[in-house]
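First to last, the sequence lines map onto chains U and X. Residue numbering for the first sequence follows my numbering, beginning at 3 and increasing consecutively. Residue numbering for the second sequence follows my numbering, beginning at 4 and increasing consecutively. Cβ atoms here follow ideal geometry from the backbone N, Cα and C, with glycine treated the same way.
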Amino acid sequence: MTVSSLDKRRSGVRAHRRQYGGVRPPGGNPGGPAAALSYLTILLIIPLLVILHDGLSEGLIGLFEQISRPIAWSALKLTLWTSAVMVVINTIMGTLTAYVLVRYEFPGRSWVNAIVDLPLAIPTLVTGVMLVVLYGPQQALGAWFKDTLGWRIIFAPPGIVLALLFITFPFVVRAVQPVLLDLDRAQEDAAATLGATSWTIFRRVTLPPLILPLTSGALLSFASAIGEFGAIVIVAGNIPFYSQTAAVYVLGEVESENRLGASAMSIVMMGIAFSAIALVALIQRYRRKGGA
Amino acid sequence: MKRGSGPAGRASNGPAGRASNGPAPQRSVWVRRLLIAIVMGYIAVLILAPLAGLVVGAFADGISGIFRALTQPDVLAAFRLTLFISLITVVVHGVGGTMVAWVMVRQQFRGKAIINGLIDMPFAVSPVVVGYMLLLLFGRNGVLGPVLNARNIKVVFAVPGMILATLFVTLPFMIRELIPVLEAFGIQQEQAAATLGASGWQTFRRVTLPALRWGMIYGLTLTLARALGEFGAVLVVGGGVKGRTETATLYIFRALDERQYVGAFSVALVLGMFSLLLVVGADLWRQREEKKA
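Here it is in structure tokens:
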């Protein structure tokens, strides 16, 4: 730390000179880049490097071999398809919720608006517990679903989708809402005067500018679904080949000390989720440059 | 990510949406009613019903059942540990996160774009993987294992490892809240202070910090809420040893396993309500301050 704090002072001053010419730096030096970087390095970069090193210690082929084991592959497939189903439902319902919140005036609107953020504030493990309490096979509603309709929700893939929907509900709503608020309604009115139906207006006038924010929201919800653990481990039942997701699989491999297996799956999950987040960053940059 | 929870997302539901011209055409009245009903129904089934279910489940043995469950010694110990880890996390990110945000906004350096991407990395890493990373680093066979063993320092299956895990998971919140605030604030006031002879630290403390106030409160609230509810990472790195490395979430997990449902539901209810009040409270507080101003 002492070396880096010396270093930070020097490089900080240099950076200031570059930015402000000879003038004394405003904001002083509560931390130069080096101090901030060492904070990030210790907390973030070193752990990431260790897992990359571990997972790739037998090369990409070793990683591929681990992932293509049937139990690993089925866990990854389950994670991907449940996340995909969630994304489709969440995108439709999130856009609809944002539309209703922005365009309509109705009793309880501010309540609905507040409830949208609720999943962000509730620990995901608690979310899982809630779903088990309501839809679990020993509970009234869950038993009814199972006996009357023959649907297994909890300890089965539908429970996973439900948990993911709960957790990711705010993402699409909050991505679409501000854009919808800024939208000029004159175009919609013009379309209406020209005789377009509400559905045509929505599809041809309102929707196009929403596509990019909507995609960002969908990608973010996908990224967080890939690694979700707390809610899923409670609702899924974690039966291999049936309801064991990738994150739960990693836990199992850690416990049985299969280092390579755990690291390989970790890297694949990180790769998928990070690609989604990187895409969101690209979309945001494109929009800021006036693309849409 | 979670930017929706930030000031921008909250401020957005103002009258602007209604300000635009003209009432909707008459024929869409039924469409409107249908759409509102669909949204309300979705939220009721997906979010409110499970919430109500948890309340009912916790009260299954009446209020005395909840009280009994919450005063068990291991529950109290679990809450204490959760609070301890969360408070340390808030302090560390309060200082470190502010520092990183400040550097990211005010300084130019090579590799800034990469760092900017890395800050979001914890959103892309599963909590289980976070815990596993720390095992690889500090565990018995880990990279730093021999060094730590020789000095008899326990990180893994102990509280320090759990703190590190929580720090990793909560890293982006503070930084992502502060960066837009700092960008909007600009450097003019800081420059003015510097011209008037304020030292760097004085400028930061008296000019920059007050401007960051709401960003910091929001960032720290989100950090705290996330830290209180962290589960996967502390499970893997801490092991959840009863009375030693068992946080509130880990207690819920064990209680469910042991079929102590009232205990699990009560602790889940308290934890959920507490996080919720934190986030809602910060929001209400800001709204009141804004009305005053």
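Closest residue to residue i among the options (Cα-Cα distance)
i, options, result
"U:Val-175", "U:Ile-228, U:Thr-99, U:Pro-109", "U:Thr-99"
"U:Leu-183", "U:Arg-105, U:Ile-279, U:Ile-94, U:Ile-234", "U:Arg-105"
"X:Val-2", "X:Phe-141, X:Ile-178, X:Leu-174, X:Gly-44", "Nothing can be reported for residue 2 of chain X, as the shown portion of chain X is limited to 4 through 296."
"U:Ala-142", "X:Gln-290, X:Phe-160, X:Gly-60, X:Ile-117", "X:Gly-60"
"X:Ile-220", "X:Pro-53, X:Val-93, X:Ile-46", "X:Val-93"
"U:Ala-225", "U:Val-178, U:Phe-173, U:Ile-203", "U:Phe-173"
"U:Leu-262", "U:Ile-63, U:Pro-210, U:Ile-156, U:Leu-45", "U:Ile-63"
"X:Gly-97", "X:Thr-224, X:Gly-44, X:Phe-126", "X:Thr-224"
"X:Phe-277", "U:Leu-120, U:Lys-79, U:Leu-58, U:Ile-44", "U:Leu-120"
"X:Arg-113", "U:Leu-39, U:Glu-257, U:Arg-289", "U:Leu-39"
"X:Glu-110", "X:Val-159, X:Val-32, X:Ile-190", "Before going on, a small fix: residue 110 of chain X reads as Gln here, not Glu. The candidate whose alpha carbon is nearest that of X:Gln-110 is X:Ile-190."
"X:Phe-126", "X:Leu-279, X:Pro-175, X:Leu-281", "X:Pro-175"
"X:Leu-38", "U:Arg-111, U:Lys-79, U:Gly-197", "U:Arg-111"
"U:Ala-165", "U:Glu-107, U:Leu-136, U:Ala-233", "U:Ala-233"
"X:Val-265", "X:Arg-36, X:Met-43, X:Ile-41, X:Phe-62", "X:Phe-62"
"U:Phe-204", "U:Met-271, U:Pro-125, U:Tyr-101, U:Ala-264", "U:Tyr-101"
"U:Leu-54", "U:Gln-140, U:Ala-264, U:Arg-290", "U:Ala-264"
"U:Ala-116", "X:Ile-69, X:Leu-212, X:Met-43", "X:Met-43"
"U:Gln-246", "U:Thr-202, U:Ala-36, U:Val-282, U:Leu-80", "U:Leu-80"
C-alpha distance - residue i paired with residue j, whole-angstrom precision
i, j, result
"U:Val-212", "U:Ser-200", "Before going further, note that residue 212 of chain U is Leu rather than Val in the sequence given. Using only the alpha carbons, I get a separation of about 16 Å."
"U:Leu-127", "U:Ile-236", "7 Å"
"X:Arg-289", "X:Leu-215", "13 Å"
"X:Gly-218", "U:Phe-147", "45 Å"
"X:Val-146", "X:Phe-234", "24 Å"
"X:Val-210", "X:Ala-296", "18 Å"
"X:Ala-251", "X:Ala-81", "5 Å"
"U:Gly-152", "U:Gly-144", "10 Å"
"X:Leu-231", "U:Tyr-251", "25 Å"
"U:Leu-222", "X:Trp-105", "25 Å"
"X:Val-133", "U:Ala-193", "51 Å"
"X:Ala-196", "X:Met-102", "20 Å"
"X:Ala-52", "X:Val-172", "29 Å"
"U:Asp-186", "U:Val-256", "53 Å"
"X:Arg-229", "X:Ala-258", "21 Å"
"U:Gly-197", "X:Val-32", "17 Å"
"X:Val-95", "X:Ala-55", "36 Å"
"X:Glu-261", "U:Thr-150", "29 Å"
"X:Ile-178", "X:Met-124", "13 Å"
"U:Ser-277", "U:Leu-284", "10 Å"
"X:Leu-151", "X:Gly-164", "12 Å"
"U:Phe-243", "U:Ile-269", "21 Å"
"X:Ser-301", "X:Ser-67", "Past the edges of chain X, shown from 4 to 296, lies residue 301 of chain X, and the structure says nothing about it."
"U:Gly-29", "U:Pro-180", "With a pLDDT of 44 at U:Gly-29, under the threshold of 50, the modelled position of that residue is not reliable, and the figure given next carries that caveat. Distance between the alpha carbons of U:Gly-29 and U:Pro-180 is about 32 Å."
"U:Phe-108", "X:Leu-185", "37 Å"
"U:Thr-280", "X:Thr-74", "At residue 280 of chain U the sequence reads Ala, which differs from the Thr that was named. Answer to the nearest angstrom: the Cα atoms are 46 Å apart."
"U:Met-132", "U:Ala-36", "44 Å"
Beta carbon of residue i nearer than 8 Å to that of residue j
i, j, result
"X:Met-107", "U:Pro-49", "no"
"U:Val-207", "U:Glu-190", "yes"
"X:Leu-139", "U:Val-134", "no"
"X:Val-131", "U:Leu-122", "no"
"X:Leu-57", "X:Leu-272", "yes"
"U:Ala-248", "U:Thr-170", "no"
"U:Gly-219", "U:Gly-96", "yes"
"U:Val-178", "U:Pro-215", "yes"
"X:Gly-100", "X:Gly-222", "yes"
"X:Ile-255", "X:Ala-267", "yes"
"U:Phe-66", "U:Thr-129", "no"
"X:Ile-46", "U:Val-114", "yes"
"U:Ile-124", "X:Leu-279", "yes"
"X:Ser-89", "X:Leu-227", "yes"
"U:Ala-266", "U:Gly-61", "no"
"X:Thr-248", "X:Phe-160", "yes"
Any non-hydrogen atom of the ligand ATP closer than 7 Å to residue i Cβ
i, result
"X:Pro-149", "Annotation note on the ligand ATP: not contained in the displayed structure, which lists no ligands."
field: Entirely enclosed beta strand (DSSP E) segments - the stretch 59 to 106 of chain X, minimum 3 residues
entry: Here no run is fully enclosed.
- request: For the stretch 145 to 186 of chain U, list the alpha helix (DSSP H) runs that are entirely contained and at least 4 residues long, ordered along the chain.
  value: Fully enclosed alpha helix (DSSP H) runs of no fewer than 4 residues occupy 159 to 184 of the stretch 145 to 186 of chain U, in order along the chain.
- prompt: Would you call the stretch 107 to 120 of chain X and the stretch 275 to 294 of chain X touching, i.e. three or more CB-CB distances under 8 Å?
  reply: At 8 Å Cβ cutoff, the stretches do not touch.
- prompt: Are three or more beta carbon pairs between the stretch 156 to 163 of chain U and the stretch 66 to 80 of chain X nearer than 8 Å?
  reply: With the rule of 3 Cβ pairs closer than 8 Å, the stretch 156 to 163 of chain U does not count as touching the stretch 66 to 80 of chain X.
- prompt: Any contact of the stretch 161 to 179 of chain X with the stretch 241 to 250 of chain X, i.e. 3+ C-beta pairs under 8 Å?
  reply: As far as the Cβ criterion goes, the stretch 161 to 179 of chain X touches the stretch 241 to 250 of chain X, which means the pair count is three or higher.
- request: Starting from the N-terminal side, write out each stretch of the alpha helix (DSSP H) that is 4 residues or longer and does not extend beyond the stretch 189 to 256 of chain U.
  value: Look at the stretch 189 to 256 of chain U and you find these whole runs of alpha helix (DSSP H), each 4 residues long or longer: 200 to 203, 213 to 229, 232 to 237.
- request: Check whether the stretch 81 to 88 of chain U touches the stretch 55 to 73 of chain U, counting contact only when three or more Cβ pairs, one atom from each stretch, lie closer than 8 Å.
  value: Counting C-beta pairs with one atom in each stretch, the stretch 81 to 88 of chain U and the stretch 55 to 73 of chain U have fewer than three that are closer than 8 Å, which means they do not touch.
- prompt: On the three-pair Cβ rule with 8 Å, is the stretch 238 to 247 of chain U touching the stretch 160 to 168 of chain U?
  reply: Between the stretch 238 to 247 of chain U and the stretch 160 to 168 of chain U, the count of Cβ pairs shorter than 8 Å is three or higher; the stretches touch.
- request: For the stretch 197 to 243 of chain X, list the alpha helix (DSSP H) runs that are entirely contained and at least 4 residues long, ordered along the chain.
  value: For the stretch 197 to 243 of chain X, whole alpha helix (DSSP H) runs of length 4 or above, ordered along the chain, are 203 to 206, 216 to 232, 235 to 241.
task: Give, in chain order, every unbroken run of the alpha helix (DSSP H) that is at least 4 residues long and sits entirely within the stretch 29 to 75 of chain U.
output: Secondary structure within the stretch 29 to 75 of chain U: the alpha helix (DSSP H) runs of 4 or more consecutive residues, fully enclosed, are 35 to 42, 48 to 57, 61 to 69 (chain order).
- prompt: If you measure beta-carbon to beta-carbon, which residues of the stretch 150 to 180 of chain X are closer than 7 Å to chain A?
  reply: This model lacks chain A altogether, as its protein chains are U and X.
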